[in-house]
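Everything on this sheet refers to the single structure shown next.
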Amino acid sequence: MKLATWNVNSLAVRLPHLLEWLAATQPDAVCLQETKLTDDKFPHAEIEAAGYRAEWFGQKTYNGVALLSKTVAADVVKNIPGFDDEQARVITGTVNGIRLIGAYVVNGQALGTDKFAYKMRWLDALRAFVASELAVHSRLALLGDFNIAPEDRDVHDPAAWVGQVLVSPEERAHFVQLQALGLHDAFRLFEQPPKTYSWWDYRMLGFQKNKGLRIDHIMVSDALKPQVTACVIDRAMRKKEKPSDHAPVIAEI
DNA sequence: ATGGCCTTGGTACAAGGA
Numbered sequence: 087m088k089l090a091t092w093n094v095n096s097l098a099v100r101l102p103h104l105l106e107w108l109a110a111t112q113p114d115a116v117c118l119q120e121t122k123l124t125d126d127k128f129p130h131a132e133i134e135a136a137g138y139r140a141e142w143f144g145q146k147t148y149n150g151v152a153l154l155s156k157t158v159a160a161d162v163v164k165n166i167p168g169f170d171d172e173q174a175r176v177i178t179g180t181v182n183g184i185r186l187i188g189a190y191v192v193n194g195q196a197l198g199t200d201k202f203a204y205k206m207r208w209l210d211a212l213r214a215f216v217a218s219e220l221a222v223h224s225r226l227a228l229l230g231d232f233n234i235a236p237e238d239r240d241v242h243d244p245a246a247w248v249g250q251v252l253v254s255p256e257e258r259a260h261f262v263q264l265q266a267l268g269l270h271d272a273f274r275l276f277e278q279p280p281k282t283y284s285w286w287d288y289r290m291l292g293f294q295k296n297k298g299l300r301i302d303h304i305m306v307s308d309a310l311k312p313q314v315t316a317c318v319i320d321r322a323m324r325k326k327e328k329p330s331d332h333a334p335v336i337a338e339i
């Protein structure tokens, strides 16, 4: 099974990229983030014509997530039950017997801000939700835009990033706590080329200079871990005309 | 050497992203 996550940074703009990528890559399931569409605007007809079922959960202007799959997703849940959130950031469903939690983690803007406090609170709620799902679904993957670079090797210039969001000890501690639930960073299960990232700033020729961060992840449960045979970041879509600033992450299970 | 973007809403430019 081919499983993927991709922050498309506006599905209105990136629908052609998505359709091209689906046709070329043929994932069995993919979680999308930053669709930036209200539910009535979601392009389900085009996606269905490409051979995918879709579940979606969006809002105006910001955020928005979707779960596309070749077979229908069961037991779909939108956002984190019991956590009051105005923002559309999580979509969960079961595809081919695997519980998939697609998440768009809060950015946090800057350390010490209200938005950062929301990020910390939000990650607490996500962890509790993942724990409760794991208790009933041993075969589980948590995947999406985590807005956390777990280690310095996931950062092009760690010194330049000290004191910024995405790399802070507080955020990394949340990633470690997710690992403590029995989740594994699928990318690090394999030998990887150094300086492999999933996001590059649109500014400062970030992609051309490979000034990136690895902040998009696929985490797999203990039960799934032995069945993962590969995990790669697909840089090709970042080279296209009008790309998303993120590249897809793909795991083979 | 430094800085260099993109999207949305809405129609100028601010806010947010990372």
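Numbering (the numbering used here), first residue to last: 87 to 339. From the three backbone atoms N, C-alpha and C, an ideal C-beta is built for every residue, glycine too.
With which residues is residue i paired in a DSSP beta bridge?
{"i": "L228", "result": "I187 and M305"}
{"i": "W247", "result": "Note: W247 sits in no beta bridge, so no partner."}
{"i": "I166", "result": "In DSSP, I166 forms no bridge with anything."}
{"i": "K281", "result": "BP columns for K281 are empty, so no partner."}
{"i": "D271", "result": "M305"}
Using beta-carbon positions only, say whether residue i and residue j come within less than 8 Å of one another.
{"i": "A259", "j": "I304", "result": "no"}
{"i": "S330", "j": "N93", "result": "yes"}
{"i": "W286", "j": "F276", "result": "no"}
{"i": "G230", "j": "A189", "result": "yes"}
{"i": "K328", "j": "V116", "result": "no"}
{"i": "Q313", "j": "I336", "result": "no"}
{"i": "A235", "j": "V216", "result": "no"}
{"i": "E219", "j": "I187", "result": "yes"}
{"i": "N193", "j": "N149", "result": "no"}
{"i": "A227", "j": "L89", "result": "yes"}
Check each candidate in the options and name the one with the smallest Cα separation from residue i.
{"i": "T147", "options": "T124, H103 and G137", "result": "T124"}
{"i": "D200", "options": "V251, R185 and M87", "result": "V251"}
{"i": "M87", "options": "K205, R321 and T157", "result": "T157"}
{"i": "A109", "options": "A159, S155 and K127", "result": "S155"}
{"i": "L197", "options": "P255, T180 and V176", "result": "P255"}
{"i": "H130", "options": "L105, I184, A160 and A174", "result": "L105"}
{"i": "I177", "options": "A136, K326 and E141", "result": "E141"}
{"i": "Q278", "options": "H103, I319 and V116", "result": "I319"}
{"i": "A136", "options": "K122, W107 and G150", "result": "W107"}
{"i": "Y288", "options": "H332, A227, A246 and D114", "result": "H332"}
{"i": "V262", "options": "L153, G298, A174 and R213", "result": "R213"}
Is it buried or exposed, residue i, if we count other Cβ atoms within 10 angstroms and call 16 or more buried?
{"i": "E120", "result": "buried"}
{"i": "G168", "result": "exposed"}
{"i": "Y283", "result": "buried"}
{"i": "L291", "result": "exposed"}
{"i": "D243", "result": "exposed"}
{"i": "N95", "result": "buried"}
{"i": "D238", "result": "exposed"}
{"i": "P102", "result": "exposed"}
{"i": "P113", "result": "buried"}
{"i": "T180", "result": "buried"}
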